[in-house]
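Chains as they are written, first to last, in UniProt numbering: chain A, 1 to 164; chain B, 1 to 188.
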């Protein structure tokens with residue numbers, strides 16, 4: 001069963017949770033073959049009930065210790081622009097659509113999502129363009145993401161500090 | 001009068017000597033190779049949330065030669081301690097580490113003026129900590145800018161850029177703006 005996982009991290013982002021569960025968005029997801037929607041809703045005031053979207057299988061929770069398993073099970077991840085969530089989804093090799101919360105001004109986390117979008121590692125939209133983006137998006141344009149390389153940092157330090 | 005003059009002169013001299021000493025220590029820090037004499041004691045200043053995750057990814061790559069590891073976290077940070085303990089117990093069999101807490105110098109959204117006061121409070125708590133954990137007279141400062149900084153440095157990064165011995169950035173656009181910085185690609 002094709003699954004979409006939506007994550008808002010530790011923030012509250014009702015506009016995204018509401019937007020992705022509205023009838024139009026659900027219809028578009030269904031048309032694309034997604035039948036299962038898992039929501040990590042964080043501190044938001046909306047936590048949709050399992051039967052609130054009649055045409056799609058829906059699960060919603062606020063927090064889990066790790067969202068790694070939900071990401072692994074997903075065929076598409078829709079995330080807020082948080083650096084941690086973005087890196088986790090891309091690191092797992094999942095197609096990622098970042099929805100920017102344009103109510104947050106000067107949010108430096110946007111810098112990274114924007115850059116990763118320019119490098120074609122993720123798709124990028126706002127809540128008002130979410131349904132349209134889901135309808136028209138082409139996941140095949142996404143470039144594979146090379147994970148960060150902490151070992152390079154370790155080797156550099158070893159050399160600088162003379163560690164054998 | 002002569003006594004007063006002498007006292008002031010002595011005070012100025014002590015301050016001057018202290019500044020010279022500090023300058024010498026900071027300047028020679030980068031040529032100092034602590035690893036040549038065995039394990040390197042590390043003081044790790046963790047942020048919170050995603051930044052602690054970033055820090056632990058970097059720590060994970062370091063060999064067992066970097067030991068013991070003293071973590072410093074903010075007193076209002078509830079998540080990081082658990083993350084650090086989980087990481088330490090999974091990575092090192094004979095874990096040598098400690099966790100210390102200091103008052104946070106600035107909460108997210110805190111006003112700048114009250115940040116100045118809370119920063120002083122954090123500084124007051126940090127001084128004895130650095131003194132207690134200090135492994136050696138010469139200390140190297142390694143700063144890694146967060147991966148979420150693409151176009152501009154964070155406040156911590158801006159403050160430490162002139163002081164750090166090794167200053168890492170994770171995007172080439174920052175390397176171009178800050179010539180002293182080291183760019184090895186994305187690290188986390």
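Even glycine gets a Cβ: it sits at the ideal position worked out from N, Cα and C.
Predicted model, so just to flag it, every value in this text is computed and none were measured.
Which listed residue (A:73, A:56, A:95) has its alpha carbon closest to that of residue 22 of chain A: Closest option to residue 22 of chain A, Cα to Cα, is A:56.
Close-in-space but distant-in-sequence residues of the same chain around residue 1 of chain A (CB under 8 Å, 5 per side omitted): Cβ neighbours of residue 1 of chain A within its own chain (closer than 8 Å, five residues either side excluded): 35, 36, 57.
Counted within 10 angstroms of its Cβ, other Cβ atoms place residue 55 of chain B as buried (16 or more) or exposed: buried
Where the beta strand (DSSP E) containing residue 7 of chain A begins and where it ends: It spans 3-7 - the beta strand (DSSP E) in which residue 7 of chain A sits, taken as one unbroken run.
Cα-Cα separation between residue 82 of chain B and residue 53 of chain B, rounded to whole angstroms: 11 Å
Segment contact flag, the segment 94-103 of chain A with the segment 76-84 of chain A, C-beta cutoff 8 Å, min 3 pairs: yes
Cβ-based contacts, 9 Å cut-off: residues of the segment 132-150 of chain A near chain B: 146, 147, 148, 149, 150
Partners in chain A for residue 33 of chain B, counting only beta-carbon separations shorter than 9 Å: 160, 161, 162, 163
Assigned secondary structure, residue 99 of chain B (DSSP; H/G/I helix, E/B strand, else coil): strand
Same chain, Cβ closer than 8 Å to residue 162 of chain A, neighbours up to 5 away in sequence not counted: If we look at residue 162 of chain A and ignore the five residues flanking it on each side, it has no Cβ neighbours.
Own chain residues within Cβ distance below 7 Å of residue 144 of chain B, not counting five before or after: 58, 168, 187
Proximal residues to residue 33 of chain A (C-beta, below 7 Å), its chain only, five neighbours per side dropped: 2.
Residue 26 of chain A and residue 17 of chain A closer than 8 Å at C-beta: no
CB contact check: residue 108 of chain A to chain B, cutoff 8 Å: yes
Proximity to residue 151 of chain B [Cα-Cα], best of A:110, A:159, A:76: A:110
Residue 72 of chain B and residue 117 of chain B closer than 8 Å at C-beta: no
Selection from B:60, B:147, B:65 that minimises the alpha carbon distance to residue 86 of chain B: B:60
3 or more residues per run - each beta strand (DSSP E) lying fully within the segment 63-122 of chain B: 69-74, 97-102
Residue 38 of chain A beta carbon less than 8 Å from that of residue 5 of chain A: yes
Spatial distance of residue 54 of chain A from residue 135 of chain A (CA atoms): Note on geometry: alpha-carbon atoms of residue 54 of chain A and residue 135 of chain A lie some 20 Å from one another.
Counterpart residues of residue 145 of chain B in DSSP-defined beta bridges: Per DSSP, none; premise fails for residue 145 of chain B.
Beta carbon proximity, residue 27 of chain A to chain B, threshold 8 Å: no
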